[in-house]
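Chemist: Counted from 1, the sequence shown has number 364 at position 364 by the UniProt record's numbering; the numbering is strictly sequential. Even glycine gets a Cβ: it sits at the ideal position worked out from N, Cα and C.
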Amino acid sequence: MITDLIDKVWKNERFQDAVRNIEISWISKELSLDSGKTLDVDLVKKAMQAAAILACSDNLEHRSTAYRLATSIYDLYQGEEINFHKPLRVILTRLENFPSIKTKTDVSEVGKDLPISLVTEELIASKSREVFLEDESFLLTGFQYSLWRLLLDERKAAISAPTSAGKSYVLQKFLQHVCNADQVSVFYLVPTRALIAQVSADLSKIFSGLDEDSIDIVSVPPDAEVELSKRAVYVMTQERTQLLLNTHPGLIPKVVVIDEAHSISDGSRGVLLQSVIDSLLRRNAFAQILFASPMIKNLEIFERLFRVDEIDCVVSEEPAVAQNFVVLEIDPEEDGLIKVNPRGDGRADLGYIGDIKIKSELATRADRLSYIPAYVGKGSINIIYANGADEAERVAIKLANILRGRRSTPRREALAELAIETVHESYEMATCAKKGVAFHYGEVPALLRRAVESAVSDGDIDFLVCTSTLLQGVNLPAKNIFLYRPEKGSNKPLKSTDFWNLAGRAGRLLKEFKGNIFLIDYGLWKERPLEQSKKEIVVPAIERIIKENPRELLNIIEGKRHTKRRDSPDVESVFVKLFSDHRSGELQRTFEGAGIVDPNYREQIESALQLAASEISLPDSVLVQSPNISAHKQQALFNRIQCLIDQGADVNDLLPVHPLKVGAYTSCVNVLGLCHEYLLGLDSESKLASFQAVIALKWMRGVTLPQIIDGQIERKPNADRRVLIRKVLEVIEKDIRFQAVRLYGCYISIIKHILELRGWRELANHVVPISLFLEVGACDKTTISLMSLGLSRVTAKQLGLKSISKSLDVRSARKWVRSIDIKKLGLSELVEREIVALNLV
């Protein structure tokens with residue numbers, strides 16, 4: 001009977017007209033436009049009743065319409081004589097969207113005033129979705145509850161859901177349950193260091209009620225001699241996880257969470273992620289593995305790729321908040337005139353509904369991405385998407401200038417001071433922050449980036465200009481998102497799946513029911529994402545590279561190097577993976593997992609690998625520690641070092657020198673020089689190694705960014721400081737924390753192997769872990785231990801200067817921090833806030 005009623009409502013033309021008119025009225029009110037439409041109250045009431053019926057449907061389109069319609073009506077009439085808070089609560093209950101009930105106070109508190117039949121209905125619905133964990137109970141949506149039951153049954157799962165569906169919340173609550181065991185090792189793999197910080201902070205809050213020594217959250221790989229905790233969650237990127245597995249061969253995973261699992265398609269890092277997952281499953285084939293992603297169409301790919309049987313696919317396309325898409329067309333004939341064409345939920349064009357007039361020219365990209373948000377986004381939290389770090393800064397500076405009449409606030413002043421403290425007094429973030437504007441890109445230091453995200457979440461920063469780094473899992477929703485011909489990478493239009501991922505951040509759960517995505521001059525975009533699928537088809541990097549680069553792959557396997565350009569790290573990564581699998585007898589299984597079916601191509605690759613095996617003596621245990629560097633190049637570096645020793649070189653002169661010891665600079669130049677020549681194919685006489693050695697040593701010694709930047713300003717006093725500062729940040733992130741880390745990692749694995757071959761095992765056990773120092777930006781044990789607790793480099797460095805010892809391990813560091821009064825240390829407000837947020841005091 002209910003099915004027939006739902007079908008009758010949905011096919012009613014008057015109902016569809018009402019939906020359209022209510023959508024237009026809502027958007028017109030949102031943008032302070034006169035749509036020229038007057039809603040009939042009786043018709044609105046009937047529409048609300050229809051929404052209550054559609055909420056009982058299992059059809060996604062019906063349910064989405066019910067949510068959008070009910071929340072639009074509620075917003076339109078909120079504060080007026082007619083109030084729709086009661087029916088809205090009923091509809092949200094029927095949709096099992098229990099979190100949204102708390103968005104508005106009157107909706108949250110009206111439950112007791114509903115008729116007894118509806119109270120009973122809600123009670124039954126909520127009880128069926130209530131979960132108890134220790135002394136806590138919480139309500140889950142239908143999707144979340146299904147996921148929770150599956151996790152409790154210890155099933156393997158591939159999960160696909162929108163950004164706001166709450167999958168991370170359920171996964172982290174599940175880990176709280178798992179970590180009640182006496183011994184458990186959980187791996188939580190994330191694609192970026194920014195996500196390490198966010199997940200670590202989230203888990204710290206969840207575990208805060210437990211005994212302080214009951215479970216460790218580890219984000220920096222401990223040294224080989226460090227005894228690992230019996231109960232630990234390792235929150236790491238694939239690079240850090242690989243290092244951890246290399247140094248602790250006895251570590252056995254119980255649960256493995258792969259966050260943003262679609263990053264398996266991301267070039268060399270995707271190949272490394274696959275290799276790391278393979279390693280974890282080899283250690284425990286029965287580990288509960290969980291792949292979590294946004295909207296993925298082919299979740300079965302993970303079962304095929306990793307040859308894991310019975311992976312349950314858990315899919316939801318229903319977000320906890322809704323999104324409105326509004327096309328803003330700039331009139332080329334009249335300066336500042338913008339035509340508004342709403343697209344509702346993105347499926348249907350609702351037509352032109354009015355004009356916005358801005359008293360400014362909108363001639364350039366920066367004009368459009370600053371003046372339009374400043375006018376349209378008043379009083380709301382806004383994200384503006386920029387095509388790169390330089391544009392993000394320029395748009396933010398322009399926005400701050402537009403808003404120059406604004407008064408600052410204590411929180412904004414604190415953020416400005418932090419920008420000066422962590423980067424430089426000339427960093428434009430300081431000026432922008434005082435006006436409630438900030439920018440966000442990958443090279444922004446961790447502490448400052450977290451502080452910006454926190455300020456946006458709390459509403460102290462209401463205009464954030466971001467790049468594609470915001471797509472990499474950082475949970476930062478806003479009321480409005482503005483895009484104009486968006487790109488990801490140089491001249492590459494934003495893919496539809498990335499677009500929908502970003503759009504899913506419009507609308508803050510518990511803050512508002514809907515968010516807005518403003519598409520500026522959508523007709524001029526190179527791609528039209530609204531007309532394309534929300535779901536991504538994941539193609540593993542190893543599959544794509546093998547299929548799309550056959551000649552280059554075979555050349556690299558055969559050891560042929562490009563004469564005009566560098567070899568691709570992506571292809572080199574596939575070579576190392578295939579070479580290791582060839583030696584271990586896993587090659588055919590890898591082909592099958594990657595969908596390589598052509599027998600002739602398989603035979604070509606295998607023959608090339610057999611020839612390579614006759615030329616490469618390095619064992620897999622060495623090669624896989626540098627999985628994105630060709631095995632031939634690693635062998636060449638090995639041969640060169642062996643030759644130097646055979647020719648009489650003192651082996652001690654070839655060992656990396658600790659950054660604080662005499663000879664560190666010469667050692668760094670020599671190591672980088674060898675790596676540049678044999679691993680990158682660069683001119684050995686280049687001054688690049690000298691320049692990078694200077695920056696690398698300062699970074700490892702804990703020299704602050706302001707001091708490093710001052711050094712570069714002295715070298716180039718006439719340079720544009722904004723550009724120079726960003727260049728230094730890029731050098732630190734790309735040249736030091738990525739390139740130098742991987743080069744040193746390769747060099748160290750090879751030199752250790754040589755030492756062991758020659759019987760110098762004691763020397764091998766004490767090789768300085770320069771690659772770790774380079775990544776974290778510190779070289780004393782206490783500072784590194786403090787960073788392992790989730791603290792940023794800046795905070796860890798400041799605390800380290802106050803510590804009782806320079807050699808505290810992680811547990812001792814945590815105990816020391818909890819014993820001190822941070823208020824007496826003279827730390828800045830936001831530095832203190834980071835310590836408190838991680839529940840360390």
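Across which residues does DSSP place residue 480 in a beta bridge pair?
Modeler: The residue you call residue 480 lines up with position 480 of the sequence shown. DSSP lists 382, 516 as partners of residue 480.
Chemist: Report the three-state DSSP secondary structure of residue 791 (helix, strand or coil).
Modeler: Indexing the sequence shown from 1 puts residue 791 at position 791. Three-state result, residue 791: coil.
Chemist: How many Å lie between residue 564 and residue 675 at the Cα?
Modeler: Start at 1 with the first residue of the sequence shown, and residue 564 comes out as number 564. Start at 1 with the first residue of the sequence shown, and residue 675 comes out as number 675. With a pLDDT of only 48 at residue 564, under the threshold of 50, the placement of this residue in the model should not be trusted; the figure read from the coordinates follows. Cα to Cα, residue 564 sits roughly 19 Å from residue 675.
Chemist: How far does the beta strand (DSSP E) with residue 752 in it extend, from its first residue to its last?
Modeler: The count along the sequence shown starts at 1 and reaches residue 752 at position 752. Looking at the DSSP string, residue 752 is not in any beta strand (DSSP E); the run it does join, the alpha helix (DSSP H), is 741-757.
Chemist: Consult DSSP for residue 137 and reduce its assignment to one of helix, strand or coil.
Modeler: Numbered from its first residue, the sequence shown carries residue 137 at position 137. Correct three-state label for residue 137: strand.
Chemist: Give the DSSP-derived three-state secondary structure of residue 313 in the structure shown.
Modeler: Here residue 313 is taken as the residue at index 313 of the sequence shown, counted from 1. Strand, per DSSP.
Chemist: On the three-state DSSP scale, how would you describe residue 844?
Modeler: As shown, the chain starts at 1 and ends at 841. That puts residue 844 outside it, with no answer to give.
Chemist: Rounded to a whole number of angstroms, what is the C-alpha to C-alpha distance between residue 409 and residue 726?
Modeler: Here residue 409 corresponds to residue number 409 of the sequence shown, with the count starting at 1. Here residue 726 corresponds to residue number 726 of the sequence shown, with the count starting at 1. So the two alpha carbons sit approximately 26 Å from each other.
Chemist: Taking 6 Å as the limit between beta carbons, can you name the residues of its chain near residue 616, skipping five residues before and five after?
Modeler: Counting from one through the sequence shown, the residue named residue 616 turns up at place 616. Result list for residue 616: 631, 635, in chain order.
Chemist: Span of the alpha helix (DSSP H) holding residue 179?
Modeler: On the sequence shown, position 179 is the one that residue 179 refers to. First-last for residue 179: undefined, no H or E at that position.
Chemist: Taking all protein chains shown into account, decide if residue 717 is buried (16 or more other Cβ within 10 angstroms of its Cβ) or exposed.
Modeler: As a first step, residue 717 is located in the sequence shown; it is residue number 717 there, counting from the start. Residue 717 comes out exposed.
Chemist: Rounding to the nearest angstrom, what Cα-Cα distance links residue 801 and residue 655 in this structure?
Modeler: Residue numbering aside, residue 801 sits at position 801 when the sequence shown is read from its first letter. Residue numbering aside, residue 655 sits at position 655 when the sequence shown is read from its first letter. The straight-line gap from Cα to Cα measures roughly 29 Å.
Chemist: If we ignore side chains and look at the alpha-carbon of each, how far apart do residue 278 and residue 570 end up?
Modeler: The residue you call residue 278 lines up with position 278 of the sequence shown. The residue you call residue 570 lines up with position 570 of the sequence shown. The alpha-carbon atoms of residue 278 and residue 570 are separated by roughly 18 Å.
Chemist: Tell me the residue span of the beta strand (DSSP E) that contains residue 722.
Modeler: What you label residue 722 is simply residue 722 of the sequence shown in a count that begins at 1. Element bounds for residue 722: not the beta strand (DSSP E) but the alpha helix (DSSP H), 721-730.
Chemist: Could you tell me which residues DSSP puts in a beta bridge with residue 231?
Modeler: Here residue 231 refers to the residue found at position 231 of the sequence shown. Paired residues: 184.
Chemist: Hey, residue 624 and residue 580: beta-carbon distance below 7 Å or not?
Modeler: Sequence index remark: in the sequence shown, residue 624 carries index 624 (1-based). Sequence index remark: in the sequence shown, residue 580 carries index 580 (1-based). Yes.
Chemist: What is the rounded straight-line gap between the Cα of residue 383 and the Cα of residue 451?
Modeler: Numbered from 1 along the sequence shown, position 383 holds the residue referred to as residue 383. Numbered from 1 along the sequence shown, position 451 holds the residue referred to as residue 451. Cα-Cα distance, rounded: 16 Å.
Chemist: By the 10 Å Cβ neighbour count, where 16 or more other Cβ atoms means buried, how is residue 823 classified, buried or exposed?
Modeler: The residue you call residue 823 lines up with position 823 of the sequence shown. Result: exposed.
Chemist: Going by C-alpha distance, which of 793, 99, 510 is nearest residue 193?
Modeler: Along the sequence shown, read from residue 1 onward, the residue named residue 193 stands at position 193. Of the candidates 793, 99, 510, the one whose C-alpha sits nearest the C-alpha of residue 193 is 793.
Chemist: Following the continuous alpha helix (DSSP H) through residue 836, name the residue where it begins and the one where it ends.
Modeler: Within the sequence shown, residue 836 is the residue found at index 836, counting from 1. Where residue 836 is concerned, the enclosing alpha helix (DSSP H) stretches over 829-837.
Chemist: I think residue 439 touches residue 456, with their Cβ atoms under 8 Å apart; what is that distance to the nearest whole Å?
Modeler: Residue mapping note: residue 439 aligns to position 439 of the sequence shown, counting from 1. Residue mapping note: residue 456 aligns to position 456 of the sequence shown, counting from 1. Incorrect: roughly 11 Å between the Cβ atoms, too far for contact.
Chemist: Just to confirm the assignment: which complete beta strand (DSSP E) runs, minimum length 3, are found wholly within the region 55-139?
Modeler: Taking only runs of at least 3 residues, the beta strand (DSSP E) segments lying wholly in the region 55-139 are 130-133, 136-139.
Chemist: Would residue 212 be called buried (16 or more neighbouring beta carbons within 10 Å of its own) or exposed?
Modeler: In the sequence shown, residue 212 corresponds to position 212, counting from 1. Its pLDDT being 49, under 50, residue 212 is placed unreliably by the model, and the measurement read from it follows with that caveat. Exposed is the call here.
Chemist: For residue 790, which residues in the same chain have their Cβ closer than 7 Å to its Cβ, ignoring the five residues on either side in sequence?
Modeler: Numbered from 1 along the sequence shown, position 790 holds the residue referred to as residue 790. 197, 200, 201, 204, 217, 219, 838, listed in sequence order.
Chemist: Measure from the alpha carbon of residue 60 to the alpha carbon of each residue in 431, 95, 395, then state which is nearest.
Modeler: Taking the sequence shown and counting its residues from 1, the one referred to as residue 60 is at position 60. Minimum Cα distance to residue 60 is reached at 95.
Chemist: Count the other C-beta atoms from every protein chain shown that fall within 10 angstroms of the C-beta of residue 351, then say buried if there are 16 or more, exposed otherwise.
Modeler: As a position in the sequence shown, residue 351 is number 351, starting the count at 1. Burial call: exposed.
Chemist: Between the C-alpha atoms of residue 445 and residue 386, what's the straight-line distance to the nearest angstrom?
Modeler: Residue mapping note: residue 445 aligns to position 445 of the sequence shown, counting from 1. Residue mapping note: residue 386 aligns to position 386 of the sequence shown, counting from 1. Using only the alpha carbons, I get a separation of about 19 Å.
Chemist: Can you check whether the CB of residue 543 is closer than 7 Å to the CB of residue 628?
Modeler: For this step, residue 628 is matched to residue 628 along the sequence shown. For this step, residue 543 is matched to residue 543 along the sequence shown. Result no, Cβ atoms of residue 628 and residue 543 do not sit closer than 7 Å.
Chemist: Would you kindly work out how many angstroms separate the C-alpha atoms of residue 805 and residue 813, rounded to a whole number?
Modeler: Indexing the sequence shown from 1 puts residue 805 at position 805. Indexing the sequence shown from 1 puts residue 813 at position 813. Each residue's alpha carbon lies about 9 Å from the other.
Chemist: If we count the other Cβ atoms within 10 Å of its Cβ and call it buried at 16 or more, is residue 619 buried or exposed?
Modeler: Numbered from 1 along the sequence shown, position 619 holds the residue referred to as residue 619. With fewer than 16 Cβ atoms within 10 Å of its Cβ, residue 619 is classed as exposed.
Chemist: Taking DSSP's pairing of strands, which residues face residue 324 in a bridge?
Modeler: What you label residue 324 is simply residue 324 of the sequence shown in a count that begins at 1. Answer is 516, bridged to residue 324.
Chemist: Does the beta-carbon of residue 15 have 16 or more other beta-carbons within 10 angstroms, so that it is buried, or is it exposed?
Modeler: On the sequence shown, position 15 is the one that residue 15 refers to. Buried, since its Cβ has 16 or more Cβ neighbours within 10 Å.
Chemist: Quick one: grab the DSSP three-state call for residue 440.
Modeler: Sequence index remark: in the sequence shown, residue 440 carries index 440 (1-based). If DSSP states are grouped into helix, strand and coil, residue 440 belongs with the strands.
Chemist: In the DSSP assignment, find the unbroken alpha helix (DSSP H) run with residue 591 in it and report its ends.
Modeler: As a working mapping, residue 591 is identified with position 591 in the sequence shown. Residues 587-593.
Chemist: Bridge partners of residue 341, per DSSP?
Modeler: For the purposes of this step, residue 341 is taken as the residue at position 341 of the sequence shown. Bridge partners of residue 341: 327.
Chemist: Does the distance from the CB of residue 667 to the CB of residue 657 come in under 7 Å?
Modeler: Against the sequence shown, residue 667 aligns to sequence position 667. Against the sequence shown, residue 657 aligns to sequence position 657. Yes, they are a contact pair.
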